[in-house]
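Have a look at the structure below, then the notes.
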Amino acid sequence: MGLIEGHAGEQAVAALRGFDVDTMFTLNGGHIWPLYDAARNQGMAVVDTRHESSATFAAEAYAKLTRRPGLAALTAGPGLTNGVSATTSAWFNGSPVVVLGGRAPQARWGAGSLQEMDHLPIYDSITKSATTVFDPTDAGRLVHDAVATAAAAHRGPVMVDFPLDVFGPSAGEVPEATLPERAAPDPDAVAALAEMIARAERPAFMVGSDAYWDRAEASLLAAAETFGVPCFFNGMGRGMLAADHELAFLRTRGLLKQRADLVVVLGTPLDFRLGFGRFGEATVAHVVDSDEQRAGHVDVHTVVGDISVVLAELAEHRGERRDHRDWIEELTDAERRAASSDQALLTADDDPIKPSRVYGELGRRLERDAVVICDGGDFASYAGKFVEVHQPGGWLDTGPYGCLGNGLGYAIAARTVRPDAQIALLLGDGAAGFSLMDVDSLVRHRLPVVMIVGNNGMWGLEKHPMQAIYGWDLACDLQPGCRYDEVVRALGGGGETVSEPADIGPALDRAFASGVPYLVNVITDPDDVYPRSSNLG
Ligand SMILES: Cc1ncc(C[n+]2csc(CCOP(=O)(O)OP(=O)(O)O)c2C)c(N)n1
Ligand SMILES: [Mg+2]
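Taking numbering that gives the first Met the number 0, I'd label the letters of the sequence shown as residues 0 to 536.
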């Protein structure tokens, strides 16, 4: 890119533009005005929110949907500390988020400037790199290197902060945007994995977020079809095969424990979501994008490398392989039975409304390229059970950090990145409280999104387990019937409350047609208990 004649902020923005980052999510603070100056000068869109948590979650969702780095600019001190939970979520999710921070001036450090805080010890523990720019001529290189670090597997957030006094006139080199080469897997490890799949009677792929980040959808399809392997999905793996593909399975994951003899986990940790890597008697293999993603707690055959490359090489396998048609048929039958018993739940006329009915109505209305966002407890878990995803990037959940409050930030970015797709944000009533004020940002930036609140008047995922364990509960109740739709109307959007099952569908139609941020506040059954086997993993 070469020499940029401009202050440190100009160099930083130029470095980011080199990686095709075209939007900055932010909340104002004097320490970061030079970043705004640069964004204006270099044609970078600026989307401001009502909480730094939303700005940072928005940066993460931008990354998730574009598979490019996402950018949050946060002011010194409280701006950066407000971004900590969302940055930590990005850390757990392996999402390439770049946080640019303000910082009190270096020349006066120790004298007690406003918001004089060293952010590095905090950010160091939740990012791949945390750096302060002390020399203004070095800003372009430092930001370039940070972005490249964020975007290299295993991806994750980075932070660079700028003491106010590095924003004086300067010039600095901004390197050409370069990403590291894809990590080639060890051919012997891939060949051994291919043999394991070829010899297995009942193999399965479990496809996770890093397969998505590695853009492995085409090679996944090729490998799954080559061997005839049923696929299951986790996190951003959902949609890597369309939900209606004959090798895509949604409702029969439980069968893996009982029946599979090989589970190949692709690009997701062997964590609580996957029984810590144990699937009954099945042999487990693990394909990870980088060495540090190896599981330390179980001893499994592990292949390290770009997941798209691993799958493409598997798809080249030409040796003998077992026929898996009986296995696929067994799963297909089980899937069909589960789908038809789900059908009763999806159309249930229960009064009060069951969450499943909400998803029945939504499912009928979702287009194939819809983006569905989850933020909540049980209401979000039900979405995981019932919502079918047809395209990569069609599903955004908070991920294994489980941080409530991602909702509005994710929605802001989703509408920014996908101006024409349906965006459906599913909120528990508890979760809604974390970020609902950012409906104001949707309204100001003209970002229409459909929000659906599953309003059971409680922190349901806490209340029901507390009752089951203690026989009592505390700090679990919210206002029953609270009019979250009125909040959205007050902020300039639309909304309505629904308490009859038959009214859900028409309300969703009005919401999708409205062209404004619109919240459908569905009063759901407080006694509905999500069938959960473990809570804290
Ligand atoms: C930031 C944060 N605080 C607290 C929790 C603990 N927590 C997990 S689920 C949940 C309840 C969510 O309630 P709601 O959004 O209303 O969904 P429901 O379970 O009622 O459907 C809580 C409090 C969390 N995961 N994240
Ligand atoms: Mg609730």
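We put the beta carbon where it would ideally sit given N, CA and C, even for glycine. Bear in mind that the values here come from a model prediction, so they are computed numbers and not experimental data.
Asked: Give me the DSSP bridge partner(s) of ILE352.; Found: THR523
Asked: So does ASN405 have its beta carbon nearer than 6 Å to some heavy atom of ligand 2?; Found: no
Asked: Out of curiosity, what's the CA-to-CA distance linking THR331 and LEU219?; Found: 19 Å
Asked: Among SER380, ALA333, ASP288, which has the Cα closest to the Cα of ALA152?; Found: ASP288
Asked: Measuring CB to CB, does LEU507 end up less than 7 Å from ARG417?; Found: no
Asked: Excluding sequence positions up to five away, which residues of its chain have a Cβ less than 6 Å from the Cβ of SER53?; Found: LEU407, GLY408, SER434, ASP437
Asked: Do GLY276 and ALA247 have their CB atoms nearer than 7 Å?; Found: no
Asked: What do you reckon, are the CB atoms on ALA170 and VAL159 nearer than 7 Å?; Found: no
Asked: Note down, one range per segment and in chain order, each beta strand (DSSP E) of at least 3 residues found wholly within the segment 356–414.; Found: 370–374
Asked: Would GLY29 be called buried (16 or more neighbouring beta carbons within 10 Å of its own) or exposed?; Found: exposed
Asked: What beta strand (DSSP E) runs, 3 residues minimum, are completely inside the segment 431–455?; Found: 449–454
Asked: Between the alpha carbons of PRO530 and VAL519, how many angstroms are there, rounded?; Found: 25 Å
Asked: Under three-state DSSP, which class holds GLU461?; Found: helix
Asked: Any heavy atom of ligand 3 closer than 6 Å to the CB of ASN455?; Found: This structure lacks ligand 3; the ligands present are ligand 1 and ligand 2.
Asked: Count the other CB atoms, across all protein chains shown, that sit within 10 Å of the CB of ILE522; report buried if there are 16 or more and exposed otherwise.; Found: buried
Asked: Would the C-beta of ASP134 count as close to ligand 2, meaning under 6 Å from any of its heavy atoms?; Found: no
Asked: Taking ARG317 as the reference, give the member of LEU273, ALA44, ALA222, LEU265 with the closest Cα.; Found: ALA222
Asked: Compute the beta-carbon to beta-carbon distance between VAL83 and ILE125, rounded to the nearest angstrom, for a pair I have assumed lies under 8 Å.; Found: 7 Å
Asked: Kindly indicate which residue of ALA138, VAL528, VAL286, ALA89 has the alpha-carbon position closest to the one of ALA191.; Found: VAL286
Asked: Taking the beta strand (DSSP E) that ASP47 belongs to, which residues open and close that run?; Found: 44–47
Asked: Quick one: is GLU9 buried, meaning 16 or more other Cβ sit within 10 Å of its Cβ, or exposed?; Found: buried
Asked: Restricting to runs no shorter than 3 residues, where is the beta strand (DSSP E) found entirely within the segment 173–217?; Found: 202–206
Asked: Please report the distance separating the alpha-carbon of ASN454 from that of ASP428.; Found: 5 Å
Asked: So, using beta-carbon positions, are GLY494 and TYR469 closer together than 7 Å?; Found: no
Asked: Locate the beta strand (DSSP E) running through ALA284, then write down its first and last residues.; Found: 282–287
Asked: Assuming VAL189 and GLU312 form a contact by the criterion Cβ under 8 Å, report the distance between their Cβ atoms to the nearest whole angstrom.; Found: 5 Å
Asked: Under DSSP, the beta strand (DSSP E) around HIS300 begins and ends at which residues?; Found: 300–303
Asked: Would you mind giving the Cβ-Cβ distance between GLY100 and PHE161, rounded to the nearest angstrom? I have them listed as a contact below 8 Å.; Found: 7 Å
Asked: Regarding ALA430 and ligand 1, is the C-beta to nearest heavy atom distance less than 6 Å?; Found: yes
Asked: Taking only three categories from DSSP, how would you classify TYR529?; Found: coil
Asked: Mind checking who MET539 pairs with in its DSSP beta bridge?; Found: As displayed, the chain neither begins before 0 nor continues past 536, which places residue 539 out of reach and without an answer.
Asked: Mind pulling the alpha helix (DSSP H) runs of 4 or more residues that sit fully within the segment 459–497?; Found: 459–469, 483–489
Asked: Would you kindly check if the distance between the Cβ of GLY139 and the Cβ of ILE3 is under 7 Å?; Found: yes
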